[in-house]
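K.L.:
The structure that follows is given in the form of structure tokens.
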Amino acid sequence: AQTIALASKVRALLDGRYNVSFEDVRRVYLPALRHRVLLNFEAQAEGIEVDRVLLDILEKVNEKADDL
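Each residue of the sequence shown is one higher than the last, beginning at 14 in the working numbering.
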């Protein structure tokens, strides 16, 4: 979470903004978390990819944010 927060701030600053947008978070999300997720044998056998799991989580979070 710290990596995502800091990297998102850097992206915003590089774009000349002081506020972090959801797009900033989206852009750093996969690189920041990809190496931290390990799939179990069943997921590997089914051909599930780490990126797909992370994107599914991001979509769910986005849906919840839209409900607020």
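The C-beta atom is built at its ideal place from N, Cα and C for all residues, glycine as well. Keep in mind the model is a prediction, meaning the values are calculated, not measured.
Which same chain residues end up closer than 8 Å to residue 43 when comparing Cβ atoms and leaving out the 5 residues on each side of it in sequence?
P.N.:
Residue 43 sits at position 30 when you count from the first residue of the sequence shown. If we look at residue 43 and ignore the five residues flanking it on each side, its Cβ neighbours are 64, 67 and 68.
K.L.:
Count the other CB atoms within 10 Å of the CB of residue 37; is the residue buried (16 or more) or exposed (fewer)?
P.N.:
Counted from its first residue, the sequence shown places residue 37 at position 24. Label assigned to residue 37: buried.
K.L.:
Enumerate in chain order the residues of its own chain whose CB-to-CB distance from residue 16 is below 6 Å, with the five nearest sequence positions on each side excluded.
P.N.:
For the purposes of this step, residue 16 is taken as residue 3 along the sequence shown, with counting starting at 1. Closer than 6 Å at the Cβ level, and outside the excluded window around residue 16, lie 45.
K.L.:
For the alpha helix (DSSP H) containing residue 42, list its first residue and its last residue.
P.N.:
Here the question's residue 42 lines up with position 29 in the sequence shown. For residue 42, the enclosing alpha helix (DSSP H) stretches over residues 35-46.
K.L.:
Mind checking whether residue 40 and residue 24 have CB atoms under 9 Å apart?
P.N.:
Along the sequence shown, one-based indexing puts residue 40 at 27. Along the sequence shown, one-based indexing puts residue 24 at 11. It is a contact, given that the beta carbons lie within the stated cut-off.
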